[in-house]
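Visitor: Just so we're aligned, residue 1 is where the sequence shown starts under full-length UniProt numbering, counting upward by one.
First, the structure itself, so that you have it in front of you.
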Amino acid sequence: MDREATASGADDSADPLAVGETGSVSADGLDPDTAAKARAARESLRGRERVLIAFSGGVDSSVVAALAHDALGDDAVACTARSETLPAAELDDARRVAAEIGIRHDTVTFSELDDPDFVANDGDRCYHCRTMRLGRMYDRAHELGIETVCDGTNADDPGEGHRPGLRAVDELDVRSPLLDAGIGKPEVRAIAGAYGLSVADKPSMACLSSRIPTGLEVTEERLTRVEKAERLLREWGFEGFRVRDHDGLARVEIAPDELERALDPAFAEAVHEHLADLGFEYVTLDMAGYRTGSVSPGGEATADDEEPTDDDGVNLGRQYPR
1 MDREATASGA
11 DDSADPLAVG
21 ETGSVSADGL
31 DPDTAAKARA
41 ARESLRGRER
51 VLIAFSGGVD
61 SSVVAALAHD
71 ALGDDAVACT
81 ARSETLPAAE
91 LDDARRVAAE
101 IGIRHDTVTF
111 SELDDPDFVA
121 NDGDRCYHCR
131 TMRLGRMYDR
141 AHELGIETVC
151 DGTNADDPGE
161 GHRPGLRAVD
171 ELDVRSPLLD
181 AGIGKPEVRA
191 IAGAYGLSVA
201 DKPSMACLSS
211 RIPTGLEVTE
221 ERLTRVEKAE
231 RLLREWGFEG
241 FRVRDHDGLA
251 RVEIAPDELE
261 RALDPAFAEA
271 VHEHLADLGF
281 EYVTLDMAGY
291 RTGSVSPGGE
301 ATADDEEPTD
311 DDGVNLGRQY
321 PR
């Protein structure tokens, strides 16, 4: 969208954050309060000359990127950090979503495994990771002559259990437009829908190191076999899952609405065979199902943002490749 047209309000009909004259819910379902918050976030971004967004391709950072591009046009840059903890599929998604938005997309490369504090995997692992990741973002921003780095922290994040990474955001003076505007996760998804982003309903995706229990060292070997195991589940059609690496024991978590499929003996046989080939000594299915934070300090788990869907068409005779 043209930056000057947006600023002057000359083309409200093309503005995804516009509401009807009566203040009613817009055709795309964005209610007036959410739209007002989104416009406030966009205006705050417009007040910056240029911005770089720490961009994972998830719904939060994608909404910030869309708002920034809407406000600043080519003066907004989305940047993704490439490392051993980012699945290749997520990098591909980030590139695709940046193209959807129309924003310039850069990448920086670093290794969390260079930091012994990160490798030790204590309760502050996310703090060490975020500090390095955002540090590389600032390096790239300075190379481009950009002073402001933004992230996708939303208004619900500070209250969601153990989140040491937020301390790094605060210490490095990273701007969080969604948080500042009071935009929570459901509103983020609604705004993503208003912009027509394909990630509007995408489940949250934590980095691969979150699959390794606190206190167990993060190694390239463990990260690699977790990524390959989860890629396999994705190829088999599962949507909500994690593979936790308990020092060679794979604990497979499947979303409750998909758990019945995972109880298929054919699945059990296939997943055991394939994960054993990846280097896991034992393969187990967690009967509690998928939940976030199940290997974090204190076992803090946050509620899944996705509404469960009924699946009456469970195919217990599905064939799994061997």
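Ideal Cβ positions, reconstructed from N, Cα and C, are used throughout, including at glycine.
1. For my contact list, ARG42 and ASP70 are in at a C-beta cut-off of 8 Å; report their separation, rounded to the angstrom.
2. Quick check: what's the CA-CA separation for ARG96 versus ARG82?
3. Grab the span of the alpha helix (DSSP H) containing LEU30 for me, first residue to last.
4. By alpha-carbon positions, which one of ILE183, ALA54, GLY215 ends up nearest to ALA40?
5. Note down the Cα distance separating LEU17 from ALA66, rounded to an integer number of angstroms.
6. Could you check if LEU263 is buried or exposed, using at least 16 other CB atoms within 10 Å of its CB as the buried criterion?
7. Assuming GLY57 and VAL149 are in contact, meaning their beta carbons sit under 8 Å apart, how far apart are those beta carbons, in whole angstroms?
8. Rounded C-beta distance between PRO213 and ARG244? I'm assuming under 8 Å.
9. Return the chain-ordered list of same chain residues with a C-beta closer than 8 Å to the C-beta of ARG163, the five sequence neighbours on each side being excluded.
10. Please identify the residue among ALA268, GLU269, ARG242 whose C-alpha is closest to the C-alpha of PRO256.
11. Buried or exposed: THR22, going by 16 or more other Cβ atoms within 10 Å of its Cβ?
12. To which residues of the same chain is LYS202 closer than 7 Å at the C-beta, ignoring the five residues directly before and after it?
Guide: Let's see:
1. So it is a contact: roughly 6 Å between Cβ atoms.
2. Cα to Cα, the separation comes out at about 15 Å.
3. No alpha helix (DSSP H) contains LEU30, which DSSP labels as neither H nor E.
4. The option with the nearest alpha carbon to ALA40 is ILE183.
5. Roughly 11 Å between the two C-alpha positions.
6. So LEU263 ends up on the exposed side.
7. Distance from GLY57 to VAL149 at the Cβ level is roughly 17 Å; contact not present, criterion being Cβ atoms closer than 8 Å.
8. Confirmed, about 7 Å.
9. Closer than 8 Å at Cβ, skipping near neighbours: CYS126, ASP157.
10. Taking only the C-alpha atoms, the option nearest PRO256 is ARG242.
11. Confidence at THR22 is low in this model, with a pLDDT of 46, below 50, so its placement is unreliable and no value can be given for it.
12. Excluding positions up to five away in sequence, the list reads GLY58, VAL59.
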